[in-house]
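Enquirer: Here it is, the structure, as structure tokens.
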Amino acid sequence: MRDLDKTPEVEDSSALNQQLLTWYDHNARAMPWRVSPADRARGQRPDPYRVWLSEVMLQQTTVAAVTEYFQRFTQRWPSVQDLAAAEDAQVMAEWAGLGYYARARNLLKCARVVAQDLDGCFPDSYEALLKLPGIGPYTAAAIASIAFDRAETVLDGNVERVMARLHDIHDPLPAVKPVLKEQAGLLTPPLRPGDYAQAVMDLGATICTPKNPACGICPWRSPCLARVAGTAPELPKKTPKQPKPTRLGVAYLARSADGAWLLERRPDKGLLGGMLGWPGSEWNAAPAPRPPFAAEWQDLGGEVRHTFTHFHLILQVKLAELPTGHNLLPGQELLSRHDFRPQDLPTVMRKVFDLWAGSDFNPGKDR
DNA sequence: GAGACGTGGCG
DNA sequence: TCGCCAAGTCT
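1 is the number of the first residue of the first sequence in UniProt numbering; add one for each residue after it.
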């Protein structure tokens, strides 16, 4: 790696973040949870609840995916007290489709701590925020800087990429992360740290993109060492990942004569924790059949394919009529035709339903 | 430190 | 079709 102590841009940190903030003042993307630089300059402050909610939703998730979820959440639960008072199942259903469901469970935990123990006020320091459920180093720094104007350093995938390129650092992630964090810290300004944090992330999201970075219009095109070296598109380096294995499984759709569905609430820990799903086999190389009750299970034909973070899944789907008077086992729920909403399911489970809905087994298919 | 943990878009 | 990638956290 280069001798970072002698990089000129570090000594020019003031000029650098001035260039970035000027760019941000003219190019900040509008988002429902964001106070524009102009409004911020007039003294308007962001609502910590909305900053927190948006940052949790944005963990490993794109702005485009988050926007409508954020609108629905804030419309339904305008304050942290409202959210803290919500039922678990309602929050999980509203989160369905957004992924990483541990975030939703921790969101509720955190809301209840803030509402019940902290008088409804989010802590305003990095250290105190870090103690809350679902808030890690990134989110604590983001809330502290954006909502409370603390000079904390955010380090997400965008900032890592920007720092690696600005300093032309070729050492692979994640090992080099502490170095990138240090470089990001040297650039964090005492004034407007919140706008600065959002500016670096906007830069990474719109200009300094993973592929085809738009170096020609970058506010940091002049000091950027990777642009000079021509290495920007290949940075940051990452240690190669293991290929994903493929697992198999069977999902069982049981429908009563009046159109109610048999579902299961999954355990809080593990994959799709706390979410509704169809009864099914285990997911592995050779799953044993595990129907929720004995019946003539009919194969729907076709299959559901879905890829999780660490494996591919191919699901076979079987169907049977739920006998009248079926006794619900622990964890099972019978949802009436009226109460069942496929959009409340995690995506893989919704795909299973969609396979049935488009099949000849659906009496209302063409209506 | 490394693996678990979702999903959708893009090239 | 497929691998990469996204405003990470928890264990």
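Every residue gets a Cβ at the ideal spot worked out from N, C-alpha and C, and that includes glycine.
I'd like the span of the alpha helix (DSSP H) that includes E127, first residue to last.
Expert: Taken as a continuous stretch (DSSP letters only), the alpha helix (DSSP H) holding E127 covers Y126 to L130.
Enquirer: Could you check which residue in S256, S222 and R165 has the C-alpha nearest to that of K211?
Expert: Per the Cα distances, R165.
Enquirer: Provide the residue span of the alpha helix (DSSP H) that contains V162, from first to last.
Expert: Run containing V162: G157 to L166, per the alpha helix (DSSP H) assignment.
Enquirer: Quick one: what's got a C-beta closer than 7 angstroms to L187's C-beta in the same chain, skipping five residues either side?
Expert: Excluding sequence neighbours, L187 sits near S13, L16 and N17.
Enquirer: With distances taken between CB atoms, is the gap from K318 to D339 smaller than 8 angstroms?
Expert: Taking 8 angstroms as the Cβ cut-off, K318 and D339 do not qualify as a contacting pair.
Enquirer: How many Å lie between V228 and G277 at the Cα?
Expert: Near 52 angstroms, if we compare the C-alpha coordinates of G277 and V228.
Enquirer: Nearest by alpha-carbon distance to F311: which of Q81, P46 and W283 is it?
Expert: Minimum Cα distance to F311 is reached at W283.
Enquirer: A251 bridges to which residues according to DSSP?
Expert: Paired residues: G280 and V317.
Enquirer: Give the single residue among P236, A85, R305 and W52 whose Cα lies nearest to the Cα of F70.
Expert: Per the Cα distances, W52.
Enquirer: Spatial neighbours of P8 within its chain, please: C-beta separation below 6 angstroms, excluding the five flanking residues on both sides.
Expert: Interpretation of P8 is limited by its pLDDT of 45, a score under 50 that renders its predicted location unreliable; the figure taken from the coordinates is listed afterwards. None.
Enquirer: For H312, which three-state DSSP category applies?
Expert: Here H312 sits in strand by DSSP.
Enquirer: Between L322 and L262, which are expected to be in contact by the criterion C-beta below 8 angstroms, what is the C-beta distance as a whole number of angstroms?
Expert: Correct: roughly 5 angstroms between the Cβ atoms.
Enquirer: Taking 8 angstroms as the cut-off, does the segment 53-67 touch the segment 86-104 (at least 3 CB pairs, one atom from each stretch)?
Expert: Counting Cβ pairs under 8 angstroms, three or more are found: they touch.
Enquirer: Could you name the residues of the same chain whose beta carbon sits closer than 6 angstroms to that of A226, not counting the 5 residues immediately before and after it, in chain order?
Expert: Same-chain partners within the cutoff: R165, D168, A232 and L235.
Enquirer: Closer than 7 angstroms by C-beta to C208: which residues in its own chain qualify, once you throw out the five before and the five after it? Chain order, please.
Expert: Excluding sequence neighbours, C208 sits near R161, V162, R165 and C218.
Enquirer: Taking A288 as the reference, give the member of R247, S256 and M275 with the closest Cα.
Expert: Out of R247, S256 and M275, R247 has the C-alpha closest to the C-alpha of A288.
Enquirer: Find the nearest neighbour of P174 within the set D195, M201 and K241, judged by alpha-carbon distance.
Expert: Nearest of D195, M201 and K241 to P174, Cα basis: K241.
Enquirer: Please classify E87: does DSSP put it in a helix, a strand, or coil?
Expert: Residue state, collapsed to three classes: coil.
Enquirer: Pick from G325, L108 and H26: whose alpha carbon is nearest that of L83?
Expert: The shortest C-alpha separation from L83 is found at L108.
Enquirer: Following the continuous beta strand (DSSP E) through R305, name the residue where it begins and the one where it ends.
Expert: Looking at the DSSP string, the run of the beta strand (DSSP E) that includes R305 is V304 to T307.
Enquirer: Would you check if the distance between the CB atom of P190 and the CB atom of A144 is smaller than 8 angstroms?
Expert: No. Outside cutoff.
Enquirer: Can you tell me which of the three DSSP states T347 falls into?
Expert: Residue state, collapsed to three classes: helix.
Enquirer: Starting from W23, trace the alpha helix (DSSP H) in both directions and tell me its first and last residue.
Expert: Per DSSP, W23 belongs to the alpha helix (DSSP H) from S13 to N27.
Enquirer: On a CA-only basis, which of I146, M349 and P37 is nearest G194? Give me that one, please.
Expert: Considering only alpha carbons, the answer is I146.
Enquirer: According to DSSP, is E333 helix, strand or coil?
Expert: Three-state result, E333: strand.
Enquirer: Among all the DSSP beta bridges, which residues are the ones paired with D299?
Expert: For D299, which the question treats as bridged, DSSP gives the partners K318.
Enquirer: Within the chosen definition, does the segment 122-139 reach the segment 87-101 through at least 3 CB pairs nearer than 8 angstroms?
Expert: The answer is no - the segment 87-101 does not touch the segment 122-139, with fewer than three Cβ pairs under 8 angstroms.
Enquirer: Assign T186 to one of three DSSP states: helix, strand, or coil.
Expert: Note on identity: in this sequence residue 186 is Leu, with Thr being the wrong assignment. Three-state DSSP puts L186 in a helix.
Enquirer: Using 8 angstroms as the threshold, is the C-beta distance between T153 and A184 below it?
Expert: Yes, they are a contact pair.
Enquirer: Roughly how many angstroms separate the alpha carbons of T135 and D258, rounded to a whole number?
Expert: The amino acid at residue 135 is misidentified as Thr; the sequence shows Ile. Those two C-alpha atoms are separated by around 44 angstroms.
Enquirer: With distances taken between CB atoms, is the gap from S359 to G301 smaller than 8 angstroms?
Expert: The answer is yes: Cβ separation under 8 angstroms.
Enquirer: Expressed to the nearest angstrom, what Euclidean distance is found between the alpha-carbon atoms of R266 and V352?
Expert: Using only the alpha carbons, I get a separation of about 16 angstroms.
Enquirer: In the DSSP assignment, find the unbroken alpha helix (DSSP H) run with E68 in it and report its ends.
Expert: It spans V63 to R76 - the alpha helix (DSSP H) in which E68 sits, taken as one unbroken run.
Enquirer: Can you tell me whether residue 389 is buried or exposed? The criterion is at least 16 other CB atoms within 10 Å of its CB, across all chains shown.
Expert: Examination of residue 389 is not possible in this model, given that the chain is present from 1 through 367 alone.
Enquirer: Return the CA-CA distance between T74 and P32, expressed in angstroms with no decimal places.
Expert: Distance between the alpha carbons of T74 and P32 is about 10 angstroms.
Enquirer: Return the chain-ordered list of same chain residues with a C-beta closer than 6 angstroms to the C-beta of D3, the five sequence neighbours on each side being excluded.
Expert: For D3, the pLDDT reaches just 43, beneath the cut-off of 50, and the residue's location in the model is therefore unreliable, although a value from the coordinates is still provided. Answer for D3: no residue qualifies.
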